[in-house]
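The block underneath contains the structure these notes are about, expressed in structure tokens.
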């Protein structure tokens, strides 16, 4: 497989340097606009995210200021203007208290201040924002007047206070509970929600609704052979009967799995939007970015999705900041048939090409049969991961358990020719398609006598708890934040940061476990 190369001629590089800050300014402003941000992150964070120098970012900030899109004041956070005027208006004209209230409200949108959690003490805001104690108290009262805070003892707590419920026995205890429908294609897709990938999202979604006194009712778009599914409403006729029976207690529908609902997904959304209550689609794999309110045409529709472009930019810029100029993306036969793997490679090459300094992204085909071990071993991915892992390395530990380290190294080089090609090549870092592959790469590297990250840096996507034992730096999509924000669309107690097109996004996080370092000079 031919490597992907990103390179620039000197004339192109000079031209890019003259227009780079304009492109950076456009990306920063559009990102703030899409995510409903009222304030920008500090310049240092923006530089790391966009992979540019401080001077370039400052030129971009000054350009936005001159265009009237940004308010820049010494000692204060940069405030987004124009597209976010609606975010500023509730506290406009209230001076420092209004600015602080807006800052705290932005923290709620980003999920840093969560419903039910107490805010930091007044001294924290007084110290970090350089305002008086009275200003902090005034900001808290402004937010409380909007129903975003309430007092619990001496603490300010995010969200409205929970209504006290009298404990009494009812013949139908759930009949008078506000209800949210959770729509999936069929029962097998329902089971998939309990996978390691999606369960944090489901757990946060249901937990927030239960806390608010709501219940979740599973419904299915199509029939299946499972006898379990016969216990739940299926198809539009069954769902319609359920909505009619709920009456005023119906609070809306969340579409959590969309595969079997396509290609009629838009029809499903349009049909559900005719009833009272929002329709939320959790597009966890970012399948249809174009399915926003402009396409659907319903104001009660929301699309919750992770920001995978931002996740990839974080990974590439992290490597670039540490000095890596040549990285390798192994294309494993186990995952090559999936659209997400091909799309991830495209995003990586695009992100590498957008950096001010050229980065070359090579690809290596991994077609060894070992990568297919345990593929059908178990339906549960948490079991399948380790079944495949144990099968793969049992072949090494078995016949070579009593041999020398040289025998093991020779066996690994022979059986995994793709890995040998990677370490013999000029790349200084491996960017793995997912954490499962990175676990195998780390084991192979250490068993062949290489040190991570001194000899080879390693970074991967996903952040699963069972695999966090391995010291591998990963990018977390924060899908649980999607569940949190989707739930509060139905509760309606806090802002979720949706833009005008109904897009609600979560911000990815880099989890640094020490597997990325500076490249060795001799490589």
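Numbering (my numbering), first residue to last: 20 to 542.
Backbone N, C-alpha and C fix where the C-beta goes; we use that ideal spot for every residue, glycine too.
Exercise for the section: Identify whether residue 529 lies in helix, strand or coil by the three-state DSSP scheme. Expected result: strand
Exercise for the section: Taking the CB atoms as reference points, tell me whether residue 496 and residue 330 lie closer together than 8 Å. Expected result: yes
Handout entry: Span separating the alpha-carbon of residue 308 from that of residue 316
Key = 15 Å
Practice task
Could you give the DSSP three-state label for residue 294: helix, strand or coil?
Solution key: coil
Handout entry: Top-ranked residue by Cα proximity to residue 474, from 327, 536, 178
Key = 536
Handout entry: Beta-carbon proximity list for residue 478, same chain, < 6 Å, skipping 5 on both sides
Key = 334, 450, 492, 535
Practice task
Report the residue ranges of all beta strand (DSSP E) runs contained in full by the region 201 to 285; include only those spanning at least 3 residues, in chain order.
Solution key: 234 to 239, 269 to 274
Practice task
Give a yes or no on contact between the region 514 to 526 and the region 136 to 149, applying the rule of three or more CB pairs nearer than 8 Å.
Solution key: no
Problem - Sequence-distant residues of the same chain with beta carbon closer than 6 Å to residue 467, five excluded per side - result: 428, 431
Problem - Status (buried if at least 16 other CB within 10 Å, exposed otherwise) for residue 258 - result: buried
Problem - residue 122 beta carbon less than 8 Å from that of residue 325 - result: no
Handout entry: Beta-carbon separation (whole angstroms), residue 503 vs residue 124, contact threshold 8 Å
Key = No, residue 503 and residue 124 are not in contact; Cβ-Cβ is about 16 Å, not under 8 Å.
Exercise for the section: Enumerate in chain order the residues of its own chain whose CB-to-CB distance from residue 538 is below 8 Å, with the five nearest sequence positions on each side excluded. Expected result: 341, 342, 343, 344, 447, 448, 476
Practice task
Could you name the residues that DSSP lists as bridge partners for residue 495?
Solution key: 528
Exercise for the section: Have a look at residue 355 and residue 231 and give me their C-alpha separation to the nearest angstrom. Expected result: 42 Å
Problem - C-beta contact flag for residue 236 and residue 275 at 8 Å - result: no
Exercise for the section: Whole angstroms is fine: what's the gap from residue 200's alpha carbon to residue 441's? Expected result: 49 Å
Exercise for the section: Find out if the Cβ-Cβ distance for the pair residue 339, residue 367 is shorter than 8 Å. Expected result: no
Problem - Straight-line Cα distance separating residue 98 from residue 57 - result: 6 Å
Practice task
For residue 469, collect the residues of the same chain with a Cβ closer than 7 Å to its Cβ; drop the 5 residues on either side in sequence, then sort them by chain order.
Solution key: 442, 475
Handout entry: Terminal residues of the beta strand (DSSP E) in which residue 385 lies
Key = 379 to 385
Handout entry: Where residue 195 sits in the DSSP three-state scheme
Key = coil
Practice task
Within its chain, find whatever has a CB closer than 6 Å to the CB of residue 284; leave out the 5 residues flanking it on each side and keep chain order.
Solution key: 277
Practice task
Determine the direct distance from the alpha carbon of residue 234 to that of residue 192, and round the result to whole angstroms.
Solution key: Summary for residue 192: the model assigns pLDDT 47, below 50, so the residue's position carries little reliability, and this model does not support an answer.
Handout entry: Own chain residues within Cβ distance below 7 Å of residue 65, not counting five before or after
Key = 47, 59, 76
Exercise for the section: Tell me whether residue 319 is buried or exposed, calling it buried when 16 or more other Cβ atoms sit within 10 Å of its Cβ. Expected result: buried
Practice task
Name the two residues that bound the continuous alpha helix (DSSP H) containing residue 144.
Solution key: 141 to 147
Exercise for the section: Evaluate residue 151 with the Cβ neighbour count: other Cβ atoms within 10 Å of its Cβ, from every protein chain shown; 16 or more gives buried, anything less gives exposed. Expected result: exposed
Handout entry: C-beta contact flag for residue 292 and residue 360 at 8 Å
Key = no
Handout entry: Extent of the continuous alpha helix (DSSP H) run through residue 457
Key = 454 to 466
Problem - Coil, strand or helix - residue 328 by DSSP - result: helix
Handout entry: Euclidean distance between Cα positions of residue 167 and residue 144
Key = 17 Å
Exercise for the section: Run the CB neighbour count on residue 86, radius 10 Å, all protein chains shown included, and call it buried at 16 or more, exposed below. Expected result: exposed
Handout entry: Where residue 88 falls: helix, strand or coil (DSSP)
Key = coil
Exercise for the section: Report the rounded CA-to-CA distance for residue 119 versus residue 358, giving the unit in angstroms. Expected result: 44 Å
Practice task
Would you kindly report the start and end of the unbroken beta strand (DSSP E) that includes residue 479?
Solution key: 476 to 480
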